[in-house]
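J.: These protein sequence lines are chains A and B, in that order. Here the first sequence stands for residues 463 to 859, numbered as in the working numbering. Here the second sequence stands for residues -8 to 252, numbered as in the working numbering. Input: one structure, supplied below.
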Amino acid sequence: MSRRILGLGAFLALGVALWFLPLAREAADFPIFYLIFLYQMFFWIAQATSWNILTGYSGYFSFGQAAFFGVGVYTSAILVARYDMNFFLSVPVGGVMSMLLALVMGFVAFRLRALRGEVFALLTLAVTFVLAALARLSSFIDGGQGRAIAIPEYPEFLGEYADFIFRLGLAIAVIAVATAYGIQNSKFGRGLFAIHDDEDVAEALGAPTFRYKMIVLGLSGLLAGAAGAIHSLQISYVTIEETFSFSIPLFVILMSTLGGRQHWLGPVIGAAVVFTVQDRLAGLGYGDLSQILLGAVLILSILFMPEGLYLRIRSRLRLTLLIFGLALLVQLLFDLGGTVLTKLVWAMLAVFIVLVVPTRLLSRVPWVRPAPPARGGLAPIPEPAAVVKEKEKEMRT
Amino acid sequence: MSSVSDIRGTPGAAHPDGPVTAILETQDIRMEFSGVHALDGVTLSIGRGEIVGLVGPNGSGKSTLINVLTGMFVPSGGRVRFEGSDITGEPPHAVSGLGLARTYQIPRPFESMTVQENVAFACMFRSKGLGLSDAMDAARTYLEFTGLSRVAHSVPSQINLHQRKFLELARALATEPKLLMLDEVLSGLNAGEIDESVEMIRKIHGSGVTLVVVEHLMRVVTELASRMIVLNSGRLLAEGPPGEVMRDPEVVKAYLGKEHA
């Protein structure tokens, strides 16, 4: 229990510290680019987390992330541009609109038992296409020309534009991750994991599965929509092709799967790694290479790291830190060039290569003794206090 | 499991010579799957405190009947009453909350949870559900009862069939049922394990739970059950004390074919 409170405290402290990061911009000549970069990372963390509480936790595979995201984007864009609505109000409204869409989808899909499994996935995909077509046809929404978005007025304490968007992104990422954390550590979360494993049995043992699926789908839509509404500012010119793009579901699937779908930290780590690698390689002019690389990373991790980066890192923590440190050190010592971020990208890739090696192979390396692969699924069972104390004693001696 | 044993003292419990109060009644249950009549008008009654053996050849509708009674299937016709109230069409989680539980013939544990978490899940979602950590504590009682304490922290894929069957039982008991339906809980077990299970079933019954035992192994059912219900092609074929029912020529015919009748 105390470990949980400690973790929660650390999480909140990190959030607060990041909130004041823009101050470093003036104090230490911190480039604005980093703030925008971090904003985009937060955006992906929010999207991946939104997807993961639905698909990772409950097992209902969704290709509909772009639909939820897009409804948020367009709701905010239309309300602000057409009806002069306060931008800050348009964010929750965008989220709610997206949630309503999710609930309608859920009501149809979950009422009909036939719509389980892949049929649900196809339904979410179909809804995305229908929405894109609707936006293209209706000049009220878009009409095919795209929609420009002006930066709204906002209170001064939020700083310059970069500070402002950074803080908005931080807020939505913290809310999304806190939601995922809260769900995982609740009865509701256990219900979702049970639905993932065997929905009929969960229902037979007393879990109200229909209600649970509706709630989690609604929450997923709400988070994706709100993050989308915020993102409409960053893209400043909204187009149908970019909004209802298939790359959004693909990226959240990639991020969550790489990071680990059955833990709240999985999509956070996955989003941070995938976004950094993809953005930096594209920045270096290796856009195509990054696509191939990410594809390979996905295949390798499905095959050899099904529990995801998070659980793998936890079971090989020292090795991870060692390789990460070494990779950074080598780059610094030999002055291989590149910015801090590119150095991080190479270090991440080095760590990935070490992590993806199966435990069986790794244990043949003489001086490495990897822990057995971590169990997927639920958070670890809280150990009785006596056992923990004994373990601490062992570690001291 | 103090709360289960309370049932014994409640008014309406079976009297030695008075009429037995029904805990579960069905009336003309029909279940049709795209033209096939899996159940074709089943009317039966389970008395409080009974052990009823539900038998019948493969495909006779036993499993379908359990699915209808627990709310997993909504019947095409007929009514189900549990403790006097109509539960036809109620969702399974509501039926479970009223005190009607089942086990699965092929164990269906939650594979991503440990044995203890599996049982704790049932403690969380029963009618007076517990919180996360209380449920983990409460689960220990049921693990001890079924002899699974040693494997509490294993995941289901690490335990053997016998233990998986008992996990089914522990999880069903953790819902604090008034009526428990055991779907072939003994199939696939060896002789020693069967004896152990029979002992356990008797203990469960002794704590005040009404039991419906679906079973292929005739020897065991006749030994356990106070009454037998025989299904054949979705219809009630015979009903009565085990000895009598097993001599019924119709039943013998359904089981062994015509030449033995």
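All residues carry an ideal CB built from backbone N, CA and C; glycine is no exception.
Using a Cβ cut-off of 8 Å (strictly closer), state whether Glu23(B) contacts chain A.
T.: Here the question's residue 23(B) lines up with position 32 in the second sequence. Not one chain A Cβ lies under 8 Å of Glu23(B).
J.: Is Glu214(B) helix, strand or coil by DSSP?
T.: To locate residue 214(B), count along the second sequence from 1; it is residue 223. Glu214(B): helix per DSSP, three-state reduction.
J.: What residues in the region 808 to 822 of chain A bring their beta carbon closer than 7 Å to a beta carbon of chain B?
T.: Here the close residues number zero.
J.: Just verifying my parser: in three-state terms, what is the DSSP assignment at Ser36(B)?
T.: Reading the second sequence from its first residue, position 45 is the one you call residue 36(B). Here Ser36(B) sits in strand by DSSP.
J.: Rounding to the nearest angstrom, what Cα-Cα distance links Glu190(B) and His28(B) in this structure?
T.: Indexing the second sequence from 1 puts residue 190(B) at position 199. Indexing the second sequence from 1 puts residue 28(B) at position 37. Approximately 36 Å, taken between the alpha carbons.
J.: Is there a Cβ from chain B that is less than 8 Å from the Cβ of Glu661(A)?
T.: As a working note, residue 661(A) is residue 199 in the first sequence. Taking Cβ atoms only, chain B never reaches closer than 8 Å to Glu661(A), which makes this a no.
J.: Check this for me: beta carbons of Met561(A) and Gly687(A), under 8 Å apart or not?
T.: Numbered from its first residue, the first sequence carries residue 561(A) at position 99. Numbered from its first residue, the first sequence carries residue 687(A) at position 225. Yes, they are a contact pair.
J.: With respect to the alpha helix (DSSP H) encompassing Ala161(B), which residues constitute its N-terminal and C-terminal limits?
T.: Mapped onto the second sequence, residue 161(B) falls at position 170. Unbroken alpha helix (DSSP H) run through Ala161(B): 152 to 164.
J.: Tell me which same chain residues have a C-beta within less than 6 Å of the C-beta of Thr701(A), skipping the five on either side of it?
T.: Residue mapping note: residue 701(A) aligns to position 239 of the first sequence, counting from 1. Taken in chain order, the residues that qualify are Gly608.
J.: Taking Met559(A) as the reference, which of Gly534(A), Ala640(A), Glu622(A) has the closest Cα?
T.: Numbered from 1 along the first sequence, position 97 holds the residue referred to as residue 559(A). Here the closest residue by C-alpha is Gly534(A).
J.: Quick one: Cα of Ala92(B) to Cα of Ala163(B), how far?
T.: Position 101 of the second sequence, counted from the start, is the residue given in the question as residue 92(B). Position 172 of the second sequence, counted from the start, is the residue given in the question as residue 163(B). The straight-line gap from Cα to Cα measures roughly 6 Å.
J.: Near Thr55(B), what residues of its chain come up, given a Cβ to Cβ distance below 8 Å and the 5 sequence neighbours on each side ignored?
T.: Numbered from 1 along the second sequence, position 64 holds the residue referred to as residue 55(B). Met22, Ala29, Leu30, Phe64, Gly225.
J.: Chain A beta carbons: is any one of them nearer than 8 Å to that of Pro233(B)?
T.: Mapped onto the second sequence, residue 233(B) falls at position 242. Output row for Pro233(B): interface = no.
J.: Measure how close the beta-carbons of Ser118(B) and Gly80(B) come, nearest whole angstrom, since I'm counting them as under 8 Å.
T.: Numbered from 1 along the second sequence, position 127 holds the residue referred to as residue 118(B). Numbered from 1 along the second sequence, position 89 holds the residue referred to as residue 80(B). Ser118(B) to Gly80(B), Cβ: 19 Å. No contact.
J.: Less than 7 Å between C-beta atoms, sequence neighbours within five positions excluded: which residues of the same chain meet that for Leu695(A)?
T.: Against the first sequence, residue 695(A) aligns to sequence position 233. Cβ neighbours of Leu695(A) beyond the five flanking positions: Ile611, Ile613, Ile627.
J.: Determine, for Gly721(A), whether the minimum Cβ-Cβ distance to residues of chain B falls below 8 Å.
T.: The residue given as residue 721(A) occupies position 259 in the first sequence. Gly721(A) does not count as touching chain B.
J.: Check distances from the C-beta atoms of the region 611 to 643 of chain A to those of chain B and list, in chain order, the residues that come in under 8 Å.
T.: If the cut-off is 8 Å between Cβ atoms, the region 611 to 643 of chain A has nothing near chain B.
J.: Could you spell out the range, first to last residue, of the beta strand (DSSP E) harbouring Val203(B)?
T.: As a first step, residue 203(B) is located in the second sequence; it is residue number 212 there, counting from the start. First-last of the beta strand (DSSP E) with Val203(B): 201 to 205.
J.: How about Val205(B) and Met172(B): are their beta carbons less than 8 Å apart?
T.: For this step, residue 205(B) is matched to residue 214 along the second sequence. For this step, residue 172(B) is matched to residue 181 along the second sequence. Contact: yes.
J.: Between Gly838(A) and chain B, is the shortest Cβ-Cβ distance under 8 Å, so that the two count as touching?
T.: Residue numbering aside, residue 838(A) sits at position 376 when the first sequence is read from its first letter. Residue confidence is low: Gly838(A) scores 48 on pLDDT, short of 50, so the model does not pin down where it sits. No coordinate-derived value is stated.
J.: So, with DSSP's three-state summary, where would you put Ala744(A)?
T.: On the first sequence, residue 744(A) is found 282 positions in, with the first residue counted as 1. Residue state, collapsed to three classes: helix.
J.: What would DSSP say about Leu712(A), mapped onto helix, strand or coil?
T.: Against the first sequence, residue 712(A) aligns to sequence position 250. Here Leu712(A) sits in helix by DSSP.
J.: Using three-state DSSP, classify Ile540(A) as helix, strand or coil.
T.: As a first step, residue 540(A) is located in the first sequence; it is residue number 78 there, counting from the start. It is helical.
J.: Could you check where the alpha helix (DSSP H) with Val86(B) kicks off and where it finishes?
T.: Here residue 86(B) refers to the residue found at position 95 when the second sequence is read from its first residue. First-last of the alpha helix (DSSP H) with Val86(B): 83 to 89.
J.: Going along chain A, which residues have a C-beta under 9 Å from Ala277(B)?
T.: For chain B, the structure presents residues -8 to 252; residue 277(B) sits outside this window and is missing.
J.: Look up Asp625(A) in the DSSP assignment and give the residues it is bridged to.
T.: By one-based count along the first sequence, residue 625(A) stands at place 163. Bridge partners of Asp625(A): none, in fact.
J.: Let's see if you can read the secondary structure: which residues bound the alpha helix (DSSP H) around Glu665(A)?
T.: Counted from its first residue, the first sequence places residue 665(A) at position 203. Run containing Glu665(A): 649 to 666, per the alpha helix (DSSP H) assignment.
J.: Going by the beta-carbon positions, is the gap between Leu541(A) and Asp625(A) smaller than 8 Å?
T.: Position 79 of the first sequence, counted from the start, is the residue given in the question as residue 541(A). Position 163 of the first sequence, counted from the start, is the residue given in the question as residue 625(A). Taking 8 Å as the Cβ cut-off, Leu541(A) and Asp625(A) do not qualify as a contacting pair.
J.: Pull up the distance between the alpha-carbon of Arg723(A) and that of Asn514(A), whole angstroms please.
T.: Residue numbering aside, residue 723(A) sits at position 261 when the first sequence is read from its first letter. Residue numbering aside, residue 514(A) sits at position 52 when the first sequence is read from its first letter. Distance between the alpha carbons of Arg723(A) and Asn514(A) is about 6 Å.
J.: Strictly under 8 Å for the Cβ-Cβ distance: is His28(B) near chain A by that measure?
T.: As a first step, residue 28(B) must be located in the second sequence, where it is residue number 37. No - not a single Cβ of chain A is within 8 Å of the one on His28(B).
J.: When you compare only the Cα positions, how much space is there between Gly52(B) and Glu159(B)?
T.: Position 61 of the second sequence, counted from the start, is the residue given in the question as residue 52(B). Position 168 of the second sequence, counted from the start, is the residue given in the question as residue 159(B). Cα-Cα distance, rounded: 21 Å.
J.: Could you compute how far the alpha carbon of Ser752(A) sits from the alpha carbon of Arg822(A)?
T.: Residue 752(A) sits at position 290 when you count from the first residue of the first sequence. Residue 822(A) sits at position 360 when you count from the first residue of the first sequence. If you take the alpha carbons of Ser752(A) and Arg822(A), they lie about 29 Å apart.
J.: Once the 5 residues before and after Ile761(A) are set aside, which same chain residues still bring their CB inside 6 Å of it?
T.: The sequence position of residue 761(A) within the first sequence is 299, counting from 1. None.
J.: Helix, strand or coil, according to DSSP, for Phe865(A) in the structure here?
T.: Given that chain A is displayed from residue 463 to residue 859, the structure contains no residue 865(A) and the question cannot be resolved.
J.: Do Ile57(B) and Lys169(B) come within 8 Å of each other at the CB atom, strictly closer than that value?
T.: Mapped onto the second sequence, residue 169(B) falls at position 178. Mapped onto the second sequence, residue 57(B) falls at position 66. Against a cut-off of 8 Å, the Cβ pair of Ile57(B) and Lys169(B) comes out as no contact.
J.: Using DSSP's beta-bridge definition, name the partner residues of Glu23(B).
T.: In the second sequence, residue 23(B) corresponds to position 32, counting from 1. DSSP output for Glu23(B) lists His28(B) as bridge partner(s).
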